[in-house]
Structure formats: structure tokens, C-alpha cells
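Numbering-wise, our numbering comes out as the position in the sequence shown, counting from 1, plus 344.
We treat Cβ as the ideally placed atom computed from N, Cα and C, and that holds for glycine.
Computed from a predicted structure; not experimentally measured.
Working notes for the structure below.
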Amino acid sequence: MDQVKVGILGTSWWADAMYLPALKNHPKARVEAVAGRNPETTRAFASRWEIQQDYENAEELIENADIDALIVATSNDSHCPLTLKALERGLHVLCEKPLGLNFPEAAKMASKAKESGVISMVPFTYSFMPATRYLKDLIMEGYLGQPYHLNMRYYGGGGRKPGYLWRFDTRRGGTGALGDIGSHFLYIARWLFGEIVQVRAQLDRLVERPLLDPDGVEYPKADDTALISLSFENGAQGIVHASTLAYEPTPFSQIHQMEFHGSDGTLHSFTDWDRTQQVSGTRVGEGPLAVLDIPDRIWGKVRRDKVHDTYRDVFRIEGLMTGQFIDAIAEGKQAFPDFQEGAMIQRILDAALLSDLEHRSVSPMEILS
């Protein structure tokens with residue numbers, strides 16, 4: 345396929361900053377249509393990105409737009425119904441994470457994508473960053489030896505303000521910190537250490553939020569901080585801490601910290617979302633931790649001085665994630681992570697919810713579709 349015609353659902357800052365620049369920079373992608381909830385915002389978005397068709401209704405775009413692929417960048421509660429409509433039409437779909445509100449939704453989406461024979465993708469963005477890809481290489485090459493345990497901390501401040509935010513409304517978000525940011529690190533944990541077989545979680549709501557939503561309706565509140573203990577199939581242990589309440593005065597108001605230990609060595613990773621994106625390590629007998637330079641083959645052509653510039657360039661210049669989705673469609677190959685992976689992470693999220701509710705360890709396999 346020489347050209348992949350793309351439609352996008354959603355006109356948020358994320359669509360503006362992530363998807364449109366990546367699509368516009370891809371030689372085989374052509375953005376044909378956009379749909380958003382606010383007609384004026386949608387028209388302005390379409391004009392800014394020179395998109396010919398703008399729709400006020402997502403379903404109308406799915407049914408009528410002349411497209412091959414769809415990007416679903418809407419609130420979590422709409423992922424499943426919109427994606428299923430697109431899959432019914434035979435469209436290739438990239439859908440934001442978490443894939444659905446729960447595992448039954450995600451499993452239905454994964455099953456339909458497989459049945460339809462289309463390309464699917466769930467964008468766990470941080471797995472594409474140079475430091476994370478270098479960690480993957482090192483661990484797969486045996487740097488740690490037998491993996492023993494990991495500790496991963498995603499500290500952000502998106503939930504510090506006490507006002508209404510849809511991400512903390514379980515009707516729209518499904519989960520709060522757990523699904524919004526925890527899903528990123530749960531995916532990376534599984535990607536690096538293998539299958540997760542037990543989950544124990546503590547989910548808290550520490551910031552008092554309004555009793556009513558903007559429509560004056562009482563709503564169920566989601567977690568704003570999540571602490572998840574993991575057991576892996578290979579015997580390793582893990583801790584993932586995802587907080588939206590951390591005050592981190594960096595340009596992106598967040599930091600990422602990771603430590604991995606095994607029989608033969610130790611790896612650390614630290615990203616402050618300012619100027620530090622570093623992997624350090626040591627193997628048994630080598631002495632103190634030392635910085636491990638990320639290879640040029642992993643950096644590619646991206647800028648290295650500011651983390652946010654790296655973040656932009658990974659997707660806009662190197663063409664990872666969104667660009668790989670387009671490549672997969674054009675070349676008839678599979679994209680990764682796909683809906684099967686997204687559904688597995690959703691299963692782990694649901695296991696964490698059940699664990700918190702019943703105060704016990706839960707196997708993801710207990711969560712049925």
C-alpha cells in the first residue's frame with residue numbers, strides 16, 4: 345500500500361502533540377478526517393493540520409470517511425464501542441491505552457481485531473524511549489543473569505489539583521492512576537521480566553475531589569495513587585508505584601525511576617524529564633554503578649540534550665509507534681504492542697482492582713472475559 349489514509353478521533357493536546365506531527369512526517373500517511381466533540385475546536389484542528397474532512401460525530405466518521413486506518417484518542421469509556429465499529433468496517437486501529445474500561449471490553453476488542461485480520465496497536469509510549477529500549481537489550485542479553493526483582497516508580501502531578509478530572513471518574517476512565525500511568529510501567533515490567541502471575545495492589549484516593557461532576561451528578565471516584573506488587577512466572581518479584589500526586593518540579597512535572605536486580609548484575613534507569621535520561625549498571629565483581637552509554641543505534645537521529653526533545657523526535661523523526669503502525673499497514677506486517685498485549689495489561693489492571701477490593705493477591709487468570 346503506497347498511501348495509508350488515516351482518520352483520527354479526538355482533538356486533545358495529545359492528538360495535537362503526538363499523532364498529527366508523527367503522521368504528517370510519515371511519507372506513507374495521509375490524514376483524511378478528524379472528529380471531535382466540539383465543532384469549533386474540530387474545525388480549527390482540521391484547518392491547522394490541513395485535514396479535508398471534519399466530523400462532529402465519531403460514528404459518522406467511522407461509517408463514511410474514506411480511510412484505511414483509525415486512531416482512537418478519546419476518553420477511555422468510548423474506546424470499546426468506537427473501536428468495535430471501526431473493526432466491523434475492516435479498519436486498522438490504533439487505540440489509546442488503557443484499551444477498555446475493563447478486561448471484558450479489551451478482550452472483545454482483541455478478539456474482533458484478530459477475527460477481522462487487521463493491524464492493531466496500543467501505544468505504550470515510554471517503551472519506545474531510548475533508555476527503555478536499551479534496558480530491554482541489556483536484560484535480553486543476560487546482563488542481570490536470573491532476574492530477581494524490579495522496582496519502578498512513575499511520579500507525576502496530574503492529580504494534585506482537587507477539581508473534577510474525567511480520568512478520576514471511573515465511569516469515563518475506568519481506573520485513575522492505575523490505568524492512566526500505571527499501565528505504562530506494568531507493560532514495561534511484563535515486557536522486560538515476562539509473564540505476571542500474581543498481583544497485590546493498594547489503590548488510594550488521597551485528594552478530596554468534588555462530590556458531583558460538571559453535570560451535577562454524583563460520580564464514583566478512581567484512585568489517584570497506586571502501589572502494585574507483582575510476582576512473575578520466572579520467580580522474580582516486582583513493585584510498581586504510580587502516583588499522580590507527586591510534586592516534581594521538572595518541565596513535564598514527572599520523573600521515572602527504575603531498578604532491576606538479578607543473579608549477575610544490577611541496572612538502574614532515571615529520567616527527570618528535563619536533561620537526564622540515564623541507564624547505569626554494574627555486574628558482579630565490577631564495583632560501583634557506572635553510567636552505561638546508550639548506543640547510537642538506539643538513539644538514532646533524535647536530540648539528546650533535553651528529554652522532551654528526545655520524546656518528540658522518537659515519534660516524529662525516528663517514526664516509532666505511530667509510524668510503525670503505518671509501516672505495518674503499508675507492508676502487511678504485525679504492529680506491536682497489539683490489542684492482544686493491550687488486553688493482557690487490562691487483565692492485570694482488573695486483577696489489581698480486585699486485589700484492592702478483596703485485600704488479597706489475585707492471579708490475572710482469575711479475571712474472565
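Excluding five sequence positions before and after A674, the CB atoms of its chain that fall closer than 7 Å to its own CB belong to M345, V348 and K372, given in chain order. In the pairwise beta carbon analysis, the segment 574 to 594 is classified as touching the segment 488 to 496: at least three pairs are separated by under 8 Å.
Three or more Cβ pairs closer than 8 Å define a contact, and the segment 402 to 409 falls short of that threshold against the segment 685 to 704. With 16 or more neighbouring CB atoms inside 10 Å of its own CB, M688 falls in the buried class.
By the criterion of at least three beta-carbon pairs nearer than 8 Å, the segment 496 to 507 is not in contact with the segment 421 to 429. Rounded to the nearest angstrom, the Cβ distance from S419 to W510 is 6 Å, consistent with a contact under 8 Å.
Here the segment 642 to 660 does not lie against the segment 622 to 634, with fewer than 3 beta-carbon pairs under 8 Å apart. Straight-line spacing of the CA atoms in D640 and R549 works out to 42 Å. In this structure, I642 sits near P474, with a CB-CB distance shorter than 7 Å. Within the segment 620 to 693, the runs of alpha helix (DSSP H) that reach at least 4 residues and sit entirely inside it are, in chain order, 640 to 643, 651 to 660 and 666 to 675.
For secondary structure counted as the beta strand (DSSP E) over 3 or more consecutive residues, the segment 522 to 579 holds these complete runs in sequence order: 540 to 548 and 569 to 576. Counting every other CB atom within 10 Å of its CB across the protein chains shown gives L488 a total of 16 or more, marking it as buried. Of H652, G560 and P564, the smallest CA-CA separation from E552 is found for P564. Out of K650, H605 and G609, the CA that lies nearest to the CA of Q622 is found in K650.
The secondary-structure analysis by DSSP pairs G609 across a beta bridge with R627. DSSP places N420 inside the alpha helix (DSSP H), whose first and last residues are N420 to E432. Counting C-beta pairs with one atom in each stretch, the segment 675 to 684 and the segment 454 to 466 have three or more that are closer than 8 Å, which means they touch.
Counted as a single uninterrupted DSSP element, the beta strand (DSSP E) harbouring P491 occupies residues P491 to G500. Remark: three or more beta-carbon pairs, one from each stretch, lie closer than 8 Å, so the segment 696 to 710 and the segment 534 to 543 are flagged as touching. Of all alpha-carbon atoms in Y399, D360, G354 and A533, the one lying nearest the alpha-carbon of F659 is that of D360. The alpha-carbon separation between R691 and F447 amounts to approximately 5 Å. Scanning its chain for C-beta atoms nearer than 7 Å, with the 5 sequence neighbours on each side dropped, one finds around L664 the residues F472 and V658, in chain order.
Scanning its chain for C-beta atoms nearer than 6 Å, with the 5 sequence neighbours on each side dropped, one finds around D616 the residues T594 and I599, in chain order.
Restricting attention to W358, G517, L353 and E449, the CA atom closest to the CA of E407 is found in L353. Residue pairing by DSSP puts E603 in a beta bridge opposite N495 and H612.
Closest by C-alpha distance to P558, out of Y508, S607 and L522, is Y508. Of all alpha-carbon atoms in A533, L536, G502 and F537, the one lying nearest the alpha-carbon of G520 is that of G502. Fewer than three pairs of CB atoms, one per stretch, sit closer than 8 Å, so the segment 409 to 417 makes no contact with the segment 383 to 390.
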